[in-house]
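Everything on this sheet refers to the single structure shown next.
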Amino acid sequence: MANVQDKEIQQYRDLMEVPEHFEDGFGPKMIVAALFLGFLMIPGSIYLSLFMGAGLGPAARWVTVILFAEAAKRSMKSLRQQEVFLLFYMTGIALGMPFKNFLWNQYLVQSPAAVGMGVAAEIPSWVAPAKEILEQSERTFFTRHWLPPIFFISGTLLISRIDHFGLGYALYRLT
Numbered sequence: 001m002a003n004v005q006d007k008e009i010q011q012y013r014d015l016m017e018v019p020e021h022f023e024d025g026f027g028p029k030m031i032v033a034a035l036f037l038g039f040l041m042i043p044g045s046i047y048l049s050l051f052m053g054a055g056l057g058p059a060a061r062w063v064t065v066i067l068f069a070e071a072a073k074r075s076m077k078s079l080r081q082q083e084v085f086l087l088f089y090m091t092g093i094a095l096g097m098p099f100k101n102f103l104w105n106q107y108l109v110q111s112p113a114a115v116g117m118g119v120a121a122e123i124p125s126w127v128a129p130a131k132e133i134l135e136q137s138e139r140t141f142f143t144r145h146w147l148p149p150i151f152f153i154s155g156t157l158l159i160s161r162i163d164h165f166g167l168g169y170a171l172y173r174l175t
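Residue numbers for the sequence shown follow the numbering used here, beginning at 1 and rising by one.
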């Protein structure tokens with residue numbers, strides 16, 4: 001039984017060779033990719049999720065990778081494996097981020113249904129600022145009243161990442 005497991009583990013380990021030297025994947029192409037994500041893909045995903053109830057999901061990752069691969073091919077260049085890896089995971093992190101729910105939370109605080117049922121007044125300020133506060137600050141995200149929700153989400157994201165990396169490493173050592 002142990003011999004069969006060893007063969008399976010060795011077969012899995014042989015799927016990808018260990019590179020001889022480290023190559024950096026971050027460069028000007030990735031900065032352009034980050035700007036593309038920030039200005040086109042994320043707003044499109046937020047709009048689609050608010051309008052239809054479904055985001056772009058995993059399709060956005062592959063659309064971005066294919067788009068950049070085709071753009072590189074047309075400009076007689078190529079994307080290295082490290083750049084594709086960064087692009088793929090940068091897209092996943094950007095589109096899966098919890099910050100896109102701020103618009104929905106703000107709508108929830110001032111929606112007619114929540115106000116009519118009396119729930120809107122009970123929603124804490126660390127979820128979204130109240131309607132009156134945002135009206136005073138000219139309805140923008142660039143106000144100090146959005147800091148508690150931003151810090152709360154950022155702290156949750158940080159703790160989640162530490163948890164994933166810590167448990168991932170612990171499970172790696174156990175197996």
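Note that CB positions come from ideal geometry on N, CA and C, so glycine has one too.
Where the alpha helix (DSSP H) containing residue i begins and where it ends
i           : result
residue 198 : With the chain running from 1 to 175 in the structure shown, residue 198 is simply not present.
residue 100 : Careful: residue 100 lies outside any alpha helix (DSSP H) and carries neither H nor E.
residue 51  : 42–52
residue 38  : Counting along the chain, residue 38 falls outside any alpha helix (DSSP H), and DSSP gives it neither H nor E.
Residue i - DSSP class collapsed to helix/strand/coil
i           : result
residue 143 : coil
residue 130 : coil
residue 77  : coil
residue 28  : helix
residue 151 : helix
residue 90  : helix
residue 15  : coil
Among the options, nearest to residue i - alpha-carbon criterion
i           : options              : result
residue 61  : 77, 85 and 79        : 85
residue 26  : 117, 82, 115 and 173 : 82
residue 101 : 91, 92, 66 and 45    : 45
residue 92  : 37, 43 and 115       : 37
Cβ separation of residue i and residue j, assumed to be a contact under 8 Å, to the nearest whole Å
i          : j          : result
residue 78 : residue 72 : 6 Å
residue 87 : residue 68 : 6 Å
Whether residue i touches residue j by CB criterion (7 Å)
i           : j           : result
residue 105 : residue 127 : yes
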